[in-house]
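Colleague: In our numbering, the protein residues as written are 561 to 1318. Backbone N, C-alpha and C fix where the C-beta goes; we use that ideal spot for every residue, glycine too.
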Amino acid sequence: MAAHVRQDSLPSVTRKRTNGSSEAGDELLLFANTSGGQDSKTCIDEDEDSSDEESSVYSGLEDSGSSEEEEDEVDEGRRDGYGSEDADDNTGDGQEYCESEQVHEVVGDGKLPERDVAADLPVPAENKPAEDEYECDTSDEEDIRNTVGNIPMEWYKEYPHVGYNLQGQHILKPLRTKDELDAFLDKMENPDYWRTVYDKNTDTDIKLTDEQVALIHRLQQGRFGDPNIDPYEPASEFFSSEVMIHPVTNTPAHKRSFIPSLSDKEKVSKLVHAIKMGWIKPRLPRDNTPRYYNLWASENPQAIMGRHGMHVPAPRVPLPGNAESYNPPPEYLLTEEEKLAWDAQEPQERKLNFLPGKFKNLRSVPAYARFVQERFERCLDLYLCPRQRKLRVNVDPEDLIPKLPKPRDLQPFPTVQSMVYKGHTNLVRSISVDPTGQWLVSGSDDHTLRFWEVCSGRCVRVVSVDGVVRSVAWSPNAAVCLVACAVNETVVLINPFLGDWLVCQGTDGLLASYTPPEEAPPQPATWAAADVTDNESGIRLTIRHSKPVKQVTWHGKGDYFAVVVAESGGCQVVVHQVTRRRSQAPFRRNKGLVQAVAFHPLRPCLFVATQRFVRIYNLIKQELTKKLMASCKWLSGLAIHPAGDHVICGSYDRRMTWFDLDLSTRPYKVLKHHRKAVRAVCFHKRYPLFASASDDATAIVCHGMVYSDLLKNPLIVPVKVLKGHQVTRDLGILDVTFHPTQPWLFTAGADTTVRLYS
561 MAAHVRQDSL
571 PSVTRKRTNG
581 SSEAGDELLL
591 FANTSGGQDS
601 KTCIDEDEDS
611 SDEESSVYSG
621 LEDSGSSEEE
631 EDEVDEGRRD
641 GYGSEDADDN
651 TGDGQEYCES
661 EQVHEVVGDG
671 KLPERDVAAD
681 LPVPAENKPA
691 EDEYECDTSD
701 EEDIRNTVGN
711 IPMEWYKEYP
721 HVGYNLQGQH
731 ILKPLRTKDE
741 LDAFLDKMEN
751 PDYWRTVYDK
761 NTDTDIKLTD
771 EQVALIHRLQ
781 QGRFGDPNID
791 PYEPASEFFS
801 SEVMIHPVTN
811 TPAHKRSFIP
821 SLSDKEKVSK
831 LVHAIKMGWI
841 KPRLPRDNTP
851 RYYNLWASEN
861 PQAIMGRHGM
871 HVPAPRVPLP
881 GNAESYNPPP
891 EYLLTEEEKL
901 AWDAQEPQER
911 KLNFLPGKFK
921 NLRSVPAYAR
931 FVQERFERCL
941 DLYLCPRQRK
951 LRVNVDPEDL
961 IPKLPKPRDL
971 QPFPTVQSMV
981 YKGHTNLVRS
991 ISVDPTGQWL
1001 VSGSDDHTLR
1011 FWEVCSGRCV
1021 RVVSVDGVVR
1031 SVAWSPNAAV
1041 CLVACAVNET
1051 VVLINPFLGD
1061 WLVCQGTDGL
1071 LASYTPPEEA
1081 PPQPATWAAA
1091 DVTDNESGIR
1101 LTIRHSKPVK
1111 QVTWHGKGDY
1121 FAVVVAESGG
1131 CQVVVHQVTR
1141 RRSQAPFRRN
1151 KGLVQAVAFH
1161 PLRPCLFVAT
1171 QRFVRIYNLI
1181 KQELTKKLMA
1191 SCKWLSGLAI
1201 HPAGDHVICG
1211 SYDRRMTWFD
1221 LDLSTRPYKV
1231 LKHHRKAVRA
1241 VCFHKRYPLF
1251 ASASDDATAI
1261 VCHGMVYSDL
1271 LKNPLIVPVK
1281 VLKGHQVTRD
1291 LGILDVTFHP
1301 TQPWLFTAGA
1311 DTTVRLYS
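1) Does residue 1120 come out as helix, strand or coil in the three-state DSSP assignment?
2) Answer with buried or exposed for residue 1304, where buried requires no fewer than 16 other C-beta atoms within 10 angstroms of its C-beta.
3) Measuring from the CB of residue 963, is there a heavy atom of the ligand NAD at a distance below 8 Å?
4) Let me check one thing: in DSSP terms, what residues is residue 961 bridge-paired to?
5) Given this structure, state the Cα-to-Cα distance separating residue 1177 from residue 1080, to the nearest angstrom.
6) Less than 6 Å between C-beta atoms, sequence neighbours within five positions excluded: which residues of the same chain meet that for residue 1287?
7) Enumerated in chain order, which unbroken segments of the beta strand (DSSP E) with a length of 3 residues or greater are wholly contained in the segment 786 to 837?
8) How long is the line joining the alpha carbons of residue 706 and residue 763, rounded to whole angstroms?
9) Considering only residues of the same chain and omitting the five flanking positions on each side of residue 722, which have a CB-CB separation below 8 Å?
10) Mind checking residue 1062: buried by the 16 CB within 10 Å criterion, or exposed?
11) Within 10 angstroms of its Cβ, does residue 804 collect 16 or more other Cβ (buried), or is it exposed?
12) Look up residue 1220 in the DSSP assignment and give the residues it is bridged to.
13) Mind reading off the beta-carbon distance from residue 1014 to residue 1027? Whole number of angstroms is fine, and I expect it under 8 Å.
14) What are the boundary residues of the beta strand (DSSP E) that includes residue 1229?
15) Would you call the segment 1069 to 1089 in contact with the segment 1003 to 1021, where contact means no fewer than 3 C-beta pairs closer than 8 Å?
16) Apart from the five residues on each side of it in sequence, which residues of its chain come closer than 7 Å, Cβ to Cβ, to residue 1141?
17) With residue 778 as the anchor, note down where its alpha helix (DSSP H) starts and where it stops.
18) Let me make sure I understand the geometry here. Which of 1004, 881, 1000 has the alpha-carbon closest to that of residue 987?
19) Touch check for the segment 924 to 931 and the segment 951 to 967: three-plus C-beta pairs under 8 Å?
20) According to DSSP, which residues form a beta bridge with residue 1132?
21) With DSSP collapsed to three states, give me the class of residue 1178.
22) Give me the Cβ distance between residue 1153 and residue 1191, rounded to the nearest whole Å; I'm assuming they're in contact under 8 Å.
23) Cα separation between residue 921 and residue 887?
24) If I measure Cβ to Cβ from residue 1083 and keep anything under 8 Å in the same chain, skipping five residues before and after, which residues do I get?
25) Span of the alpha helix (DSSP H) holding residue 1167?
26) In three-state DSSP terms, what is residue 1110?
27) Determine the burial state of residue 1261: buried for a count of at least 16 other Cβ atoms within 10 Å of its Cβ, exposed for fewer.
28) Have a look at residue 738 and residue 752 and give me their C-alpha separation to the nearest angstrom.
29) Comparing alpha-carbon positions, which option in 1183, 1204, 1240, 1007 lies nearest residue 1216?
30) Output the distance between the C-alpha atoms of residue 889 and residue 875, rounded to the nearest integer angstrom.
31) When DSSP labels each residue in this structure, what does residue 1146 get in the three-state scheme?
32) Just reading off the alpha helix (DSSP H) that residue 933 is part of, what are its end residues?
33) Determine, using beta carbons only, whether residue 1207 and residue 1221 come nearer to each other than 9 Å.
34) List the residues that DSSP assigns as beta-bridge partners of residue 535.
35) Starting from residue 977, follow the beta strand (DSSP E) in both directions and report where the run begins and ends.
36) DSSP on residue 1064, reduced to helix/strand/coil?
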């Protein structure tokens, strides 16, 4: 008799339970292949990997506890069955059998027995016994080792065993010494890690087969588990489509089919009770009769349209007057002149849409030609004219005024007129203050420039020029003492010799240190040094242009200044460099008439204001950066905030616009404080103040606080209206500027005076 080999005796050999192992519990028998020792050796080597995996699954499990007699009986029964049926079914090559069945037998002392060669020969098909259709059924081979039933396996978390076998003995938990690092290495190195699942009933890891993985994929894709099922196979008709005369069955109905069920009785009783209590209202029969109502009826609460709260009744047609009578009084009849005037008027301007006429009797009245047209227009008005009822809301006018801080909380700002600078004999067009705030220069139509001491009001120097001074600008560089003024077609650079004597001498030395190049490049302007007479009056250089110059403005560093030329071509803006005496026109052509230009205080950008737009150009990249739409008809000037992110513009249509460059190209605020044209605007360099001057002889000072928080909008509050100038020749204040360090405001008016407000 073959000796039974225990499960743990051959851990490297593949083990599989046979159909006969269900009665003997958890027994695992090893059958040897009778095809020869070589084949058996080959089979064992090929299944070595799988045996190691399965041996790890069952490692640590105790024996099922069956006696040796029971094991021998089971062993003999299995061998007998193997010799009778399995020998016929599993004929052929031993290697093939080993790969398909993976069953081996060890007899005697472990040597493989010799097998009859005749048993290996193929059996003819007619001599083969009938195959058992239930032999391949694997439902009996399911490995249900744990018999604890469908209970939570967490109950065995604190015990060394995981359940009980069929004999009631403990099934010990396998030893698990893997940590997270081992699990990670297993995940990286084991190619079958992705198909390994954990079985909590046996506390083991199970490797899924290819059939099981394919089944899971089909279920995830929403398909049938069996791949042989065709979900689109033609449907079979259970009943015939032909109507038969006689029924298939004529069984009489059962008696209980005529008795209502108790559940239906309860439902009906509940519905009846709900109807009695008014919880459920029976559905009323639908009234299919059409409903008509009078569209021109009066507002009646009982009417259909009267139930709508927002319904607005159609206006009534006015009753006919005396002019529409067939025999009106004579005063309603039109004369010939009135008829001609009626014909000349537009139809919508006529008081009457017909000519009154007089007839002897009603029978003489002809048919009205526009009767059908007027009735049709009336119906269109009733049908298409939108009517809406607006509720009147009582709003306090004070609530509509924005809540702004009081002006006394926003001090300091100029409030009173402190000084009047008199001396010019004609209107003063432009003023400018030196960087120290000690001197003031003013240019007038009397062909003179006057230099004033700010604190005393004394005129310290008068420089005569050859024409009207349209613009003056003091250099913002405190290391030089230089004033640029526009006189007709010429820009004159003047050293007034005011202030520090060393600064004035250094300015002359800087201008005299210029060395002309060997080949002078072509320039849009001509530089020339002043003669002896002009040099004594303070004039150092003259720059001549082809057209009159309207404005002069300096760059923040004091070496460059830009001028606006009254010309309709590409040379409207010219930039000059003092130290190198070079001039250049940055634009080949300008889109519109340039009104004013200004340099950005921090970045290399140039602001060019035309009649309706402000264009910002990057001088390094030589491209247009942004285009501001001022929403004005004609701009007069612009000013840039010292931080460089906000711009204000004045216009001749009485508006002043504030632009936030980081917000939009549209105006952030549009201020309409003046009654006449706004001539000039300016920012203070240190205080949150800006001012505007107008032809109504007033200057309005506003508080304009710009916050460092980009999410907070600027605060704009008008704080003071400064008066003092007189309107002369329909002109008021022509220029305005702030003191560089103090909250003082200078204004230049058409009444030949310059005024200081502090």
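Modeller: The short version:
1) strand
2) buried
3) This structure lacks the ligand NAD; in fact it carries no ligand of any kind.
4) According to DSSP, which records beta bridges pairwise, residue 961 is partnered with nothing at all.
5) 28 Å
6) 1257
7) none
8) 10 Å
9) 706, 713, 716, 731, 732, 733, 761, 762, 763
10) exposed
11) exposed
12) 1206
13) Not really, about 27 Å apart at Cβ, beyond 8 Å.
14) 1229 to 1231
15) no
16) 1074, 1087
17) 770 to 780
18) 1004
19) no
20) Answer by DSSP bridge pairing: none, since residue 1132 is not bridged.
21) strand
22) Not quite, the Cβ-Cβ distance comes to about 18 Å (not below 8 Å), so this is no contact.
23) 8 Å
24) 1142, 1143, 1144
25) Counting along the chain, residue 1167 falls outside any alpha helix (DSSP H), though it belongs to the beta strand (DSSP E) covering 1165 to 1169.
26) strand
27) buried
28) 17 Å
29) 1240
30) 29 Å
31) coil
32) 931 to 944
33) yes
34) Any property of residue 535 remains undetermined from this structure, which presents the chain solely from 561 to 1318.
35) 977 to 982
36) helix
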